[in-house]
Structures are given as structure tokens and as C-alpha cells.
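Add 190 to a position in the sequence shown, counting from 1, and you land on the number used in my numbering.
First comes the structure, then the notes that go with it.
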Amino acid sequence: MSNGSSDITYGRFQLTSLVVLRMLVAWHFLYEGIAKILNPYWTSAGYLQASQGPFADWFIGLATNPARLGLIDILNKWGLVLIGFALLLGCMTRLAAFFGAFLLLLYYLANPPLLGLESAVPAEGSYLFVNKVLIEMVVMLVLLAFPTSHLIGLDRLKIWERSND
191 MSNGSSDITY GRFQLTSLVV LRMLVAWHFL YEGIAKILNP YWTSAGYLQA
241 SQGPFADWFI GLATNPARLG LIDILNKWGL VLIGFALLLG CMTRLAAFFG
291 AFLLLLYYLA NPPLLGLESA VPAEGSYLFV NKVLIEMVVM LVLLAFPTSH
341 LIGLDRLKIW ERSND
């Protein structure tokens, strides 16, 4: 099965694996976004204030400005939901995967799993440079590099493409 954007072809197992991977990440993003939206007390302030590493001052600074923090919270919650929906439906998945990877990069930079850092953020799944956030970010990059939505998803309908009329 050709992926439509290059000479790469996917076998049935490869396509199934990539689509399942896309669905799992989509569900995770969608769930996290909806959980944050439904919790009226959720804010990113604690995560940002607990930042460590080379970019800690910048992330902590974001948390100290209430207007900026409010915007960050809205963008984070709705970004998670929109990225999750787009990946789940196979709609503009390359764009969703790009922004998903970018969002995860920000999470990673805010609290990197580095030696000597005592994080206030729970560290389960952190193993010296590698943590679940980094792994999921790489998964997003794989989904960006090997799209499947043009085969299984709304992108197959090509409604987002501009006509050359």
C-alpha cells in the first residue's frame, strides 16, 4: 500500500502498527485534554513552577504572570483535545503530529530527567535523559514521518487539499 506522498509502501502489518500507534497516542492526548477541561481547578502552574534544568527560569516566569498562565492553560487543554481528535479521525495528522511533538518538547524541556535534578513532578518512567514524554515525542515524529491518514482516516477524502483550478 503506497502512502501517496513518496515511493514508500506499507505492508499490512506496518500499516496496522502505525494506525494502532496513532490511535493510542490520539486517545492519550484526547483523554488528557478532556480531563483537564473537566477539572475546574486544573492549572499548569504547579508543573511550570517545578521546572528545573536549563530553561527553568523561563518556564517559572510563565507561571508567575496570571494572564499568561491563563492563556497557556487554555492552549494546553484545547491543544491536547484538538491534537487527539485530529489523530483519532485521521484529519490533518501531519500538522497534529508536528504540534503534538512540539507540545511534548515543551513538557520535556520544563522538567528534563537529568542527573542531579530533584524534581517535584512524579518521576515514574524517567530514566536519565529518557522519559515517557520523550518517548511519546519520538512517536509523534514517527507519525509525522510515516503518515497513515491518507489510507485510513479523513485525510483520505482529500478535502484539505487545494484544487489547482
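For every residue, glycine included, the Cβ atom is placed at its ideal position computed from N, Cα and C.
Query                                                                                                                                                             : Result
Under the three-state reduction of DSSP, which class applies to Asn144: helix, strand or coil?                                                                    : Residue 144 is absent from the model: the chain starts at 191 and stops at 355.
Where Asp345 and Ile325 are concerned, what is the direct C-alpha to C-alpha distance, given to the nearest angstrom?                                             : 26 Å
Can you find the residues in the same chain that come closer than 6 Å, C-beta to C-beta, to Ala286, ignoring five residues on each side of it along the sequence? : Ile273, Ala276, Leu277
Rounded C-beta distance between Lys226 and Lys267? I'm assuming under 8 Å.                                                                                        : 4 Å
Can you tell which of Pro303, Met282, Met327, Tyr237 has the C-alpha that lies nearest to the C-alpha of Phe292?                                                  : Met327
Going by CA-CA distance only, name the one from Tyr298, Pro337, Ala257, Leu270 that's closest to Leu318.                                                          : Tyr298
Helix, strand or coil for Thr199? Go by DSSP, reduced to three states.                                                                                            : strand
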